[in-house]
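A short worksheet on the structure shown next.
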Amino acid sequence: MISLGVALISATGFIVLAPSASAAGPRPAFQLPFPCNQSWHGNSSNSSAHRAWEIDFNRGGTPDADLGDTVVAAAAGKVVISAHQGSANGYGNLVKIDHGGGWSTYYAHLRIRSVALNAQVSRGQKIGEVGNTSKPGNNISPHLHYEVRTTDASYPANIQKAVFNGVTFGYPDQTLTSRNCGGGANPYDATEVCGSGYSVVDSAVLGSAATVYLLWNGGTSQNCAVTIKSASVGTASSVSAYVEVQGSNRVTDSGNFEYYAGPVRVAAPGKCVKWGGSAGSARYDSPFEHCD
C-alpha cells in the first residue's frame, strides 16, 4: 500500500491541509466503529503505509468477505470530510468526523459514504461501508482503515492510540467485540472531562437536556463539577456548571458550548460544597453537602 500522506480533499474538491497545533481536550468516549456485538480483528503493523497508531480492521475468512459491511461512528460529532480522495493520497472514500476538543476520527477505503459534509452524527450511526477504494493503481483488499488524530501536534505525531470502550487497543493486533450499542450521543463522560483520579459522587438530571455531575479526587482533595449535554449535542447552546466551597466564592463555567460545561475543579478538603449547573432553562442547585 502507498503512503497516505496528510493532504486531504474535502467534499468541495479543495485540498485541506493538516490543522495547526492547538491543545486537545479530554478524549471522547470512543467505541469500536462497527455495530453492536460484532467481533473484528484490528492490525496496526501489516501495512507499510502506517506511520503510527493506525488500525486496519477485518473479520471475514476470505479477502472479500467484509466488502459492504456497515461502518458506524466511533463517537458523536460533525462530518468535516466526506469525499473520495482521488490521487491526493491512498484513502479512497474517506469520512472524517470532528468530535470537538481537538479530536477527530478517520474512516478510509469505504465502498460507499452514507453521510454528507457538515452532517451531525451520533455514536453508532452508519457512516459508510467497508470497501477497497484507494488511489488509482493501488489495489487493496477490503478493510476499514481507522485513525484517531488530535490537533496538538503535526502529522504523524498527532495520530493517537485508539481507545475503545475505555480500554487502549492491544497493539499491534487484537480482536475486539463492539460495544457500540447506542445509549447516548455525547462522546464525553464526566470522568474523562474532569480527568485522572476523579470519580462520580453525585449527579442530577436536567430533564432531557443534560446531566450535571459532582466528582471527587481523593488524592488532591478536589471536587469537580461538569454538565454533560444530552440534547443539542454538537451544537453550541447555553450550559453551565459550578462548585461553591462553604466560606468561599462560587466558581462557575458558563457559556454556549457544544458538548459540556466545566470542568470546574475546586479544592475542598474537609469542607461542605454546593454544586450544580444548567442547560437552557433547566437547572439544579444543591444544598451544602458532601462535607467529608
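Quick note on our numbering: the sequence shown kicks off at 8 and runs consecutively. Where a beta carbon is used, it is the ideal one built from N, C-alpha and C, also for glycine.
Exercise. Is there a Cβ from chain D that is less than 9 Å from the Cβ of ALA197?
Worked result: In summary, chain D is missing from the structure at hand, where a single protein chain is found.
For this session: Only counting runs of 3 or more residues, tell me where the beta strand (DSSP E) segments fall wholly within the stretch 18 to 85, in order along the chain.
Result: Within the stretch 18 to 85, the beta strand (DSSP E) runs of at least 3 residues that lie entirely inside it are, in chain order, 46 to 50, 62 to 65 and 77 to 79.
Exercise. In this structure, does DSSP put ILE9 in helix, strand or coil?
Worked result: Residue 9 sits at position 2 when you count from the first residue of the sequence shown. Low per-residue confidence applies at ILE9: pLDDT is 36, beneath 50, and the placement is therefore not dependable, though the value from the model is reported in the following sentence. Secondary structure of ILE9 (DSSP, three-state): coil.
Problem set entry | Coarse secondary structure for THR242, derived from DSSP in three states | On the sequence shown, residue 242 is found 235 positions in, with the first residue counted as 1. Note: THR242 maps to coil in three-state DSSP.
Problem set entry | Whole-Å CB distance - ILE62 paired with TYR162, under 8 Å assumed | Within the sequence shown, the letter at position 55 stands for residue 62. Within the sequence shown, the letter at position 155 stands for residue 162. Rounded to whole angstroms, the Cβ separation of ILE62 and TYR162 is 17 Å, and the two are not in contact under 8 Å.
Problem set entry | Cβ-based neighbour list, TYR249, same chain, cut-off 7 Å, excluding 5 preceding and 5 following | Along the sequence shown, read from residue 1 onward, the residue named residue 249 stands at position 242. So the qualifying residues of the chain are ALA232, ARG257, VAL258, THR259, VAL271, TRP282, GLY283 and GLY284.
For this session: For the alpha helix (DSSP H) containing ALA197, list its first residue and its last residue.
Result: Position 190 of the sequence shown, counted from the start, is the residue given in the question as residue 197. Residues 197 to 201.
Exercise. Using CA coordinates, which residue listed in GLY287, ASP180 and GLY138 is at the minimum distance from LEU213?
Worked result: Within the sequence shown, residue 213 is the residue found at index 206, counting from 1. Checking every option, the nearest Cα to that of LEU213 belongs to GLY287.
Exercise. Who are the near neighbours of CYS298 in its chain, counting only those whose CB is closer than 6 Å to its CB and skipping five residues on each side?
Worked result: Here residue 298 refers to the residue found at position 291 of the sequence shown. Same-chain partners within the cutoff: CYS279.
Problem set entry | Length of the line joining the Cα atoms of ALA59 and GLY269 | For the purposes of this step, residue 59 is taken as the residue at position 52 of the sequence shown. For the purposes of this step, residue 269 is taken as the residue at position 262 of the sequence shown. A direct Cα-to-Cα measurement between ALA59 and GLY269 gives close to 32 Å.
Exercise. How about the stretch 101 to 120 and the stretch 136 to 146: do they share at least three Cβ pairs that are nearer than 8 Å?
Worked result: Touching, yes, given that three or more Cβ pairs across the two stretches are closer than 8 Å.
For this session: Over the uninterrupted beta strand (DSSP E) stretch that includes SER210, give me the two end residues.
Result: By one-based count along the sequence shown, residue 210 stands at place 203. For SER210, the enclosing beta strand (DSSP E) stretches over residues 206 to 213.
Exercise. Do the stretch 195 to 206 and the stretch 221 to 230 touch if we need at least three Cβ pairs shorter than 8 Å?
Worked result: In short, these stretches touch, since the Cβ pair count reaches three.
Exercise. According to DSSP, is TYR162 helix, strand or coil?
Worked result: Within the sequence shown, residue 162 is the residue found at index 155, counting from 1. Correct three-state label for TYR162: coil.
Problem set entry | Nearest-angstrom Cβ-Cβ length linking GLY84 and GLY107, presumed shorter than 8 Å | Counted from its first residue, the sequence shown places residue 84 at position 77. Counted from its first residue, the sequence shown places residue 107 at position 100. That pair is a contact at about 7 Å.
Exercise. Between which two residues does the beta strand (DSSP E) harbouring ASP299 extend?
Worked result: For the purposes of this step, residue 299 is taken as the residue at position 292 of the sequence shown. Membership of ASP299 in any beta strand (DSSP E) is not indicated, and neither H nor E is assigned to it by DSSP.
Exercise. Is LYS278 helix, strand or coil when you go by DSSP?
Worked result: Along the sequence shown, read from residue 1 onward, the residue named residue 278 stands at position 271. If DSSP states are grouped into helix, strand and coil, LYS278 belongs with coil.
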